[in-house]
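Everything on this sheet refers to the single structure shown next.
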Amino acid sequence: DAWTNMIQPFWALPALAIAGLGAKDIMGYCVLTLIFVGLVVCGVFYFLV
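In terms of the working numbering, the sequence shown opens at residue 219 and continues consecutively.
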């Protein structure tokens, strides 16, 4: 569930409101993090199974 929360930054909305930013301002970083973590998880599963 934590992996899918990276693509939907609802967890960051309070911090974004304080900083005066919108969700679109961090979506690029969220997508990059999602891809990186997805590759790491897939790699770990590949070596464990």
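Ideal Cβ positions, reconstructed from N, Cα and C, are used throughout, including at glycine.
Remember, it's a predicted structure, so these values are computed and weren't measured experimentally.
Is the separation between the beta-carbon of I244 and that of L231 shorter than 8 Å?
no
Would DSSP call L239 helix, strand or coil?
coil
Compute the Euclidean distance between the alpha carbons of G240 and G256, then round it to the nearest angstrom.
25 Å
Start and end of the alpha helix (DSSP H) containing V267?
Premise fails: V267 is in no alpha helix (DSSP H) and is neither H nor E.
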